[in-house]
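Notes for the one structure printed next.
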Amino acid sequence: MKLRPYQLEVARAAMDSIQRRMGLTFSVEIARQGGKNELSAHLEVLLLTLYMGRGGNLIKCSPTFKPQTIISIERLKQRLDDFGFDGIYRPQMGYMLQLGNAKAIFLSAEGSSSVVGHTADLLLEIDEAQDISKEKYTKEFRPMGSAANATTILYGTTWDDSTLLEEVKQANLELERKDGIRRHFRYDWQEVGRYNPEYLKFVEAERQRLGEEHPLFRTQYALLPISHGGRFLSRQQIALMLGEHPRQSQPEGKRIYIAGVDLAGEHEDEMLLRGAIATKQSWDDMRLLRFARNDRRGRDSTVITIAEVDAANPSQPVLKVVEQYRWTGMPHSQLYAQ
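Oh and the sequence shown: position 10 is 153 in the working numbering, straight run, nothing missing.
Quick look at the structure:
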């Protein structure tokens with residue numbers, strides 16, 4: 144498999160930094176399914192073959208060991224096989240691949256993972272960097288490349304301004320303005336679609352299905368950060384949820400209605416009160432429990448939402464919420480009767 148022009152752009156910049164011992168840190172945003180893992184695997188194959196004689200380590204970390212780290216290991220195996228190294232490279236300990244004296248080490252960046260002690264001589268890769276803890280990266284992964292001034296690449300998609308990837312991206316853009324060396328690479332769905340017509344058709348369908356402002360489309364394909372503090376819905380989407388229709392306590396005519404039920408658990412104080420009565424506890428005990436029963440602060444509720452279905456456009460029905468009922472801390476046995 145050949146790399147596309149945008150993948151080659153990143154690969155050339157990374158190899159230049161590696162071979163000149165520049166120790167640059169790159170941030171790479173590529174739209175979902177745009178080939179970032181393929182780019183990573185090709186870089187790994189190239190480094191393993193170039194350094195199989197003199198030796199060296201590259202390290203790649205992912206947010207989880209299963210499935211992400213395992214997928215990366217299997218992808219590298221496939222590419223090594225494709226390039227004729229089948230039977231020459233050696234898997235080691237379930238998380239390393241060795242070709243000659245060069246080694247690829249795959250680690251998990253989960254909070255509980257133990258990774259201290261590994262050294263990256265050639266390259267340090269951080270996959271799905273938007274999902275990796277800043278503290279984990281700074282304390283445990285970043286120092287791995289210090290002894291050899293190793294080049295680092297952080298791959299991923301955008302989310303908001305609080306992620307590790309966004310922090311490194313902004314730092315890279317500032318450095319670019321100062322010295323002119325490109326450190327940040329961004330390729331959204333339209334750029335990827337220039338080289339893959341089938342991908343373009345798929346993402347255009349997703350845009351129609353989700354809408355351009357949907358958080359998943361914005362972050363995964365358009366590579367645009369969410370700018371409203373990490374809330375799932377934007378202000379525009381919240382505005383679309385507001386209606387001018389009246390509240391209804393009874394159904395009207397032959398209109399269609401649906402109900403959504405959020406069934407909360409019974410409050411444990413209610414259960415304790417029943418037990419106190421059954422076991423004839425003291426009046427003071429029961430009085431305290433009754434107070435707890437009547438104190439509804441912080442207690443969960445069972446909620447039923449009634450909506451009228453407007454199916455004028457069957458492919459995109461509209462729901463008009465017309466009534467809502469809530470019961471806080473009420474036993475389910477009483478709710479069933481209602």
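A virtual CB, placed ideally from N, CA and C, is assigned to each residue, including glycine.
With 16 other CB atoms within 10 Å as the buried threshold, where does residue i fall?
| i | result |
| --- | --- |
| ARG326 | buried |
| SER205 | buried |
| SER121 | Only positions 144 to 481 of the chain appear in the structure, and residue 121 is not among them; the question remains open. |
| GLN162 | exposed |
| THR281 | exposed |
| SER160 | buried |
| GLY199 | buried |
| PRO322 | This sequence places Asp at residue 322; Pro is not what is there. Looking at its Cβ environment, which holds fewer than 16 other Cβ atoms inside 10 Å, ASP322 is exposed. |
| ARG483 | Residue 483 cannot be examined here, being either before or after the span of the chain that is shown, 144 to 481. |
| LYS145 | exposed |
| LEU359 | exposed |
| GLY324 | The question names Gly, but residue 324 is Ile in the sequence shown. Exposed, by the Cβ-count rule. |
| GLY288 | buried |
| ALA290 | exposed |
| ASP270 | buried |
| GLU395 | exposed |
| GLU319 | exposed |
| SER458 | exposed |
| GLU278 | exposed |
| SER215 | buried |
| LEU201 | buried |
| HIS475 | exposed |
| VAL355 | In the sequence as displayed, the identity of residue 355 is Glu instead of Val. Exposed is the call here. |
| GLU341 | exposed |
| ASP229 | exposed |
Just checking my contact of residue i with residue j at CB under 8 Å: how many whole Å lie between their CB atoms?
| i | j | result |
| --- | --- | --- |
| LYS220 | LEU240 | 7 Å |
| THR445 | ALA407 | 5 Å |
| LEU167 | THR306 | Rounded, the Cβ-Cβ distance is 20 Å, inconsistent with contact. |
| GLN363 | THR300 | 5 Å |
| VAL258 | GLU217 | That pair is no contact at about 20 Å. |
| ALA109 | TYR298 | Outside the displayed range of the chain (144 to 481) lies residue 109, so it cannot be described from this structure. |
| ILE369 | TRP302 | 6 Å |
| LEU186 | ALA157 | 6 Å |
| VAL335 | ALA174 | 5 Å |
| GLN92 | VAL465 | Given that the chain is displayed from residue 144 to residue 481, the structure contains no residue 92 and the question cannot be resolved. |
Kindly indicate which three-state DSSP category residue i falls into: helix, strand or coil?
| i | result |
| --- | --- |
| VAL171 | strand |
| ASN292 | coil |
| PHE284 | helix |
| ASP322 | helix |
| GLY336 | helix |
| ASN200 | strand |
| ILE140 | Residue coverage of the chain in this structure runs from 144 to 481, which leaves residue 140 outside it and unanswerable. |
| GLN235 | strand |
| THR212 | helix |
| ALA407 | coil |
| ILE161 | helix |
| HIS475 | helix |
| ARG329 | strand |
| GLU152 | helix |
| GLN313 | helix |
| PHE345 | helix |
| VAL461 | strand |
| SER183 | helix |
| LEU242 | strand |
| GLN393 | coil |
| ARG469 | strand |
| PHE360 | helix |
| GLU278 | helix |
Can you tell which of the options has its C-alpha closest to the C-alpha of residue i?
| i | options | result |
| --- | --- | --- |
| LEU478 | ASP224, ALA455, PRO460 and VAL404 | VAL404 |
| MET236 | ILE213, SER255 and GLU355 | ILE213 |
| TYR149 | GLU355, PRO394, ASP443 and TRP332 | TRP332 |
| LEU385 | GLU349, ARG164, LEU367 and LEU462 | LEU462 |
| ILE399 | ARG350, GLU347, ARG469 and VAL452 | VAL452 |
| PHE467 | THR448, ASP224 and LYS397 | For the sequence presented, residue 467 should be read as Gln rather than Phe. Considering only alpha carbons, the answer is THR448. |
| PHE345 | LYS397, GLY177 and PRO389 | GLY177 |
| MET489 | PRO389, ASP225, TYR232 and PHE328 | Lying outside 144 to 481, the shown extent of the chain, residue 489 is not represented and no answer is given. |
| MET165 | LEU146, ASP225, LEU191 and LEU266 | LEU266 |
| ILE296 | VAL465, HIS475 and LYS179 | LYS179 |
| PHE328 | LEU366, PRO340 and ARG361 | LEU366 |
| ILE275 | ALA291, ALA252, ASN292 and LEU146 | ALA252 |
| LYS209 | GLU395, TYR338, SER256 and ILE202 | SER256 |
| GLY227 | SER215, ARG197, LEU189 and THR262 | LEU189 |
| HIS261 | LEU353, PRO286, GLU319 and LYS279 | PRO286 |
| ALA450 | GLU355, TYR338, HIS388 and MET473 | HIS388 |
| ASP225 | TYR330, SER476, GLU181 and GLU349 | GLU181 |
| GLY472 | ASP443, ARG337, GLN393 and ARG361 | ASP443 |
| ARG147 | ARG337, ALA454 and LYS203 | ARG337 |
Is the number of C-beta pairs between the region 307 to 315 and the region 241 to 250 that are closer than 8 Å three or more?
no
Do the region 169 to 181 and the region 312 to 323 meet, that is, are 3 or more Cβ pairs less than 8 Å apart?
yes
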